[in-house]
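Student: All residue numbers for the sequence shown refer to my numbering, where the first residue is 36 and numbers rise by one.
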Amino acid sequence: MNAGPQPVAGRNRKRLAWLGLVVVALALVEVGTRVRLAVDGRAWDSDGGRASAVQALAESRRRAPAGMATSAGAADPARSVLHPYFARDTLAHREALRRAVELDTGADAASGFDVVVLGGTEAARFAASDAQALLERLRVDPRLAGRTPRLWNEARGQFKQPQQVSVLAYVLASGVEPELVISLDGPGDIALCLDNGRAGSHPVYPARELWALRVGRPVDDPERLAALLAWRRAELQVERTARRQAGFFAVHSAFVGSLGASKLAREIELSRAALANVDAVGARSSGDFVVTGPKHPAADDAILRTAARAWFEGAFTNAGICRERDTAYVHVLLATPDAGAGGDTPVGRGFGLLHSALGRLATRGVAVVDGEQARRDGRARAEVLAERCFTELDAVAARAAKR
36 MNAGPQPVAG RNRKRLAWLG LVVVALALVE VGTRVRLAVD GRAWDSDGGR ASAVQALAES
96 RRRAPAGMAT SAGAADPARS VLHPYFARDT LAHREALRRA VELDTGADAA SGFDVVVLGG
156 TEAARFAASD AQALLERLRV DPRLAGRTPR LWNEARGQFK QPQQVSVLAY VLASGVEPEL
216 VISLDGPGDI ALCLDNGRAG SHPVYPAREL WALRVGRPVD DPERLAALLA WRRAELQVER
276 TARRQAGFFA VHSAFVGSLG ASKLAREIEL SRAALANVDA VGARSSGDFV VTGPKHPAAD
336 DAILRTAARA WFEGAFTNAG ICRERDTAYV HVLLATPDAG AGGDTPVGRG FGLLHSALGR
396 LATRGVAVVD GEQARRDGRA RAEVLAERCF TELDAVAARA AKR
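#1: If I follow the unbroken alpha helix (DSSP H) through Asp429, where does it start and stop?
#2: Measuring CB to CB, does Asn188 end up less than 9 Å from Ile338?
#3: Secondary structure at Leu215, three-state DSSP: helix, strand or coil?
#4: Reducing DSSP to helix, strand and coil, say where His237 ends up.
#5: Residues in its own chain within less than 7 Å of Arg446 by CB, not counting five upstream and five downstream?
#6: Near Arg174, which residues of its chain fall below 6 Å by C-beta distance, leaving aside the five closest residues on each side in sequence?
#7: Would you kindly check if the distance between the Cβ of Leu389 and the Cβ of Trp346 is under 9 Å?
#8: State yes or no: is the C-beta of Glu212 within less than 9 Å of the C-beta of Thr362?
#9: Give the C-beta separation of His237 and Gly349 to the nearest angstrom, bearing in mind that I take them to be a contact with Cβ-Cβ under 8 Å.
#10: With DSSP collapsed to three states, give me the class of Leu369.
#11: Give every residue of the same chain whose Cβ lies closer than 6 Å to the Cβ of Ala354, excluding the five residues on either side of it in the sequence, and list them in chain order.
#12: Counting only the same chain and skipping the five closest in sequence on each side, list residues whose C-beta sits under 6 Å from that of Asp165.
#13: Using DSSP with H/G/I as helix, E/B as strand and the rest coil, what is Gly154?
#14: In chain order, what residues of the same chain have a beta carbon less than 6 Å from the beta carbon of Ala309, not counting five sequence neighbours either side?
#15: In whole angstroms, what separates the C-alpha of Gly235 from that of Leu229?
#16: For Trp246, I'd like the list of residues in its chain whose CB is within less than 6 Å of its CB, leaving aside the five on either flank, ordered along the chain.
#17: If you draw a straight line from the C-alpha of Val419 to the C-alpha of Ala158, how long is it?
#18: Using the Cα positions of Gln198 and Leu170, report the straight-line distance between them to the nearest angstrom.
#19: Measure the beta-carbon distance from Leu203 to Phe161 and round it to whole angstroms, keeping in mind my assumption that it falls under 8 Å.
#20: For Gln196, is the classification buried or exposed, using 16 other Cβ atoms within 10 angstroms of its Cβ as the cut-off for buried?
#21: Rounded to whole angstroms, what is the Cα-Cα separation between Gln167 and Val206?
#22: Taking all protein chains shown into account, do 16 or more other C-beta atoms lie within 10 angstroms of the C-beta of Leu117, making it buried, or fewer, making it exposed?
#23: Between the beta-carbon of Ala135 and the beta-carbon of Ser209, is there less than 9 Å?
#24: Can you tell me whether Ala242 is buried or exposed? The criterion is at least 16 other CB atoms within 10 Å of its CB, across all chains shown.
#25: What would DSSP say about Ala168, mapped onto helix, strand or coil?
#26: Given Gly375, which residues of its chain have a CB within under 8 Å of its CB, disregarding the five upstream and five downstream residues?
#27: Where does the unbroken alpha helix (DSSP H) through His390 begin, and where does it stop?
#28: Per DSSP, which residues does Val136 bridge with? Please list them.
#29: So if DSSP puts Gly147 in a beta bridge, which residue, or which two residues, is it bridged to?
#30: Along the chain, where does the beta strand (DSSP E) that runs through Val404 open and close?
#31: Note the first and the last residue of the continuous beta strand (DSSP E) segment covering Ala122.
#32: Under the rule that 16 or more other beta-carbon atoms within 10 Å means buried, what is Asp124, buried or exposed?
#33: Determine the burial state of Pro222: buried for a count of at least 16 other Cβ atoms within 10 Å of its Cβ, exposed for fewer.
#34: Can you grab the Cα-Cα spacing for the pair Asn312 / Arg384, in whole Å?
#35: When we look at the beta-carbon of Val152 and count the other beta-carbons within 10 Å, is it buried (16 or more) or exposed?
#36: Compute the Euclidean distance between the alpha carbons of Gly108 and Glu244, then round it to the nearest angstrom.
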């Protein structure tokens, strides 16, 4: 006799049994994964898993080839964009200059005492920290006659001469009329010029890292376009995996989360490799005149002589501009980053050339501060700079009184 149709209740019991087996199996896998991670000293942390995924997603949005802004940073004040006079600028600097022009051309212009800081990375740090002590000394000094000191940070990371000349001219042309201009630079100029010259770019050109890939016209370069597309595909995969990894099961399941974490780590490495390839291809394909400038001897000593000459001429030009405007100008030759730096190395020889140039500036009447000497004397740079600024302000007032 043939068996009739199996009762519905019997089929449901079988399904429940299979479902139970699957749940038990998954539970065993989950427990086993947690035990294995604990034995390996990597106990599963659900909050840490989510945080890692969120961090990976944020970093993915920030990564970009050298000189290329990310779409996520379109409104980022630190975003770097091309500038017609000094290679590149940031949105923050553009906004700061707009505010400076408003104040210097407004009804309260006469009540302010404007201080402009020029230079590269170290000068930008000075403007954000040590400069506040100088402003306090200016604020209480009777020579200001109650005017309020205002600091305008026009220093930009990886800038070198003659970019500072262009920056000062642009600031003045925009309408800012500073009473005091402070320029801090030196060792960075040497390092950036060496980087340029050794890579085939003219030492006086803007830092190659900021310049070459901005003007290398990737749309004319099929190899770089292909590299960019490969990098972007890798980045999109990182973002997709990171979003999944931040989901409920990836966070609360050690098994799913550990698998996802491994996958995410592999994809991040692939994305970084693709990004490095974009930069490598861009460096190889950006050898035209627009990027590299005129031919220049590749020997280190020739590069150093050019760097020192550019530094001297830039400082001397800025000092002359300020002198004709009755604006106090002080140029600081920063100390080398390491107390033991120098000697018969390219950086050491370059710094020696800058130190000689500093002496020539002083003999030509430029107010200078020797940061290396201040360090040897055990004096704070800010203290020495403040003294020199006040001396120069007095000298400017005396020259103006004779006219």
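In this text, a Cβ means the ideal position worked out from N, Cα and C, and glycines have one as well.
Tutor: If we stick to the structure as given:
#1: Position 394 of the sequence shown, counted from the first residue, corresponds to residue 429. For Asp429, the enclosing alpha helix (DSSP H) has its first and last residue at Arg416 to Lys437.
#2: For the purposes of this step, residue 188 is identified with residue 153 of the sequence shown, where counting begins at 1. For the purposes of this step, residue 338 is identified with residue 303 of the sequence shown, where counting begins at 1. Contact: no.
#3: Numbered from 1 along the sequence shown, position 180 holds the residue referred to as residue 215. Leu215 falls in the strand class under three-state DSSP.
#4: By 1-based counting over the sequence shown, the position of residue 237 is 202. If DSSP states are grouped into helix, strand and coil, His237 belongs with coil.
#5: For the chain, the structure presents residues 36 to 438; residue 446 sits outside this window and is missing.
#6: The sequence position of residue 174 within the sequence shown is 139, counting from 1. Beyond the five residues adjoining it in sequence on each side, Arg174 comes within less than 6 Å, by CB distance, of Pro184 in the same chain, given in chain order.
#7: The count along the sequence shown starts at 1 and reaches residue 346 at position 311. The count along the sequence shown starts at 1 and reaches residue 389 at position 354. Going by C-beta atoms, Trp346 is nearer than 9 Å to Leu389.
#8: The residue you call residue 212 lines up with position 177 of the sequence shown. The residue you call residue 362 lines up with position 327 of the sequence shown. Yes, these two residues count as a Cβ contact at 9 Å.
#9: Taking the first residue of the sequence shown as position 1, residue 237 is located at position 202. Taking the first residue of the sequence shown as position 1, residue 349 is located at position 314. Actually they are not in contact, since the Cβ atoms of His237 and Gly349 sit about 15 Å apart, beyond 8 Å.
#10: Sequence index remark: in the sequence shown, residue 369 carries index 334 (1-based). Here Leu369 sits in coil by DSSP.
#11: If you number the sequence shown from 1, residue 354 lands on position 319. Taken in chain order, the residues that qualify are Tyr364 and Val401.
#12: Within the sequence shown, the letter at position 130 stands for residue 165. These residues qualify, in order along the chain: Ala417.
#13: Here residue 154 corresponds to residue number 119 of the sequence shown, with the count starting at 1. Of the three classes helix, strand and coil, the one that applies to Gly154 here is strand, per DSSP.
#14: Along the sequence shown, read from residue 1 onward, the residue named residue 309 stands at position 274. So the qualifying residues of the chain are Ala265, Trp266 and Ala269.
#15: Working through the sequence shown from its first residue, we reach residue 235 at position 200. Working through the sequence shown from its first residue, we reach residue 229 at position 194. Roughly 10 Å separates the two Cα atoms.
#16: Counting from one through the sequence shown, the residue named residue 246 turns up at place 211. The residues are Ala122.
#17: In the sequence shown, the residue the question calls residue 419 occupies position 384. In the sequence shown, the residue the question calls residue 158 occupies position 123. Spanning the two alpha carbons is a distance of roughly 15 Å.
#18: On the sequence shown, position 163 is the one that residue 198 refers to. On the sequence shown, position 135 is the one that residue 170 refers to. Taking the straight line from one Cα to the other gives about 25 Å.
#19: Taking the sequence shown and counting its residues from 1, the one referred to as residue 203 is at position 168. Taking the sequence shown and counting its residues from 1, the one referred to as residue 161 is at position 126. Actually they do not touch by this definition, with Cβ atoms about 16 Å apart.
#20: Taking the first residue of the sequence shown as position 1, residue 196 is located at position 161. Flag for Gln196 reads buried.
#21: Looking up residue 167 in the sequence shown gives position 132. Looking up residue 206 in the sequence shown gives position 171. Rounded to the nearest angstrom, the two C-alpha atoms are 21 Å apart.
#22: As a working note, residue 117 is residue 82 in the sequence shown. By the neighbour-count criterion, in which 16 or more other beta carbons inside 10 Å mark a residue as buried, Leu117 falls on the exposed side.
#23: Within the sequence shown, the letter at position 100 stands for residue 135. Within the sequence shown, the letter at position 174 stands for residue 209. Yes.
#24: Against the sequence shown, residue 242 aligns to sequence position 207. Counting other Cβ atoms within 10 Å of its Cβ, Ala242 reaches 16 or more and is therefore classed as buried.
#25: Start at 1 with the first residue of the sequence shown, and residue 168 comes out as number 133. If DSSP states are grouped into helix, strand and coil, Ala168 belongs with the helices.
#26: Here residue 375 corresponds to residue number 340 of the sequence shown, with the count starting at 1. With a pLDDT of 46 at Gly375, under the threshold of 50, the modelled position of that residue is not reliable, and the figure given next carries that caveat. Cβ neighbours of Gly375 beyond the five flanking positions: none.
#27: Looking up residue 390 in the sequence shown gives position 355. Per DSSP, His390 belongs to the alpha helix (DSSP H) from Pro381 to Thr398.
#28: By 1-based counting over the sequence shown, the position of residue 136 is 101. Under DSSP, Val136 takes part in no beta bridge, so it has no partner.
#29: One-based indexing of the sequence shown puts residue 147 at position 112. The beta-bridge partner set that DSSP reports for Gly147 consists of Thr183.
#30: Against the sequence shown, residue 404 aligns to sequence position 369. Segment Ala402 to Asp405, the beta strand (DSSP E) holding Val404.
#31: Within the sequence shown, the letter at position 87 stands for residue 122. Taken as a continuous stretch (DSSP letters only), the beta strand (DSSP E) holding Ala122 covers Ala122 to Thr125.
#32: One-based indexing of the sequence shown puts residue 124 at position 89. Buried, because 16 or more other Cβ atoms sit within 10 Å of the Cβ of Asp124.
#33: For this step, residue 222 is matched to residue 187 along the sequence shown. Taking a 10 Å sphere around the C-beta of Pro222, we find 16 or more other C-beta atoms and assign the residue as buried.
#34: Counting from 1 along the sequence shown, the entry for residue 312 is found at position 277. Counting from 1 along the sequence shown, the entry for residue 384 is found at position 349. Their backbone Cα atoms lie some 34 Å apart in a straight line.
#35: Walking along the sequence shown from the start, residue 152 turns up at place 117. Buried, by the Cβ-count rule.
#36: For the purposes of this step, residue 108 is taken as residue 73 along the sequence shown, with counting starting at 1. For the purposes of this step, residue 244 is taken as residue 209 along the sequence shown, with counting starting at 1. Legend: pLDDT at Gly108 = 45, less than 50; position of this residue unreliable, no value from coordinates given.
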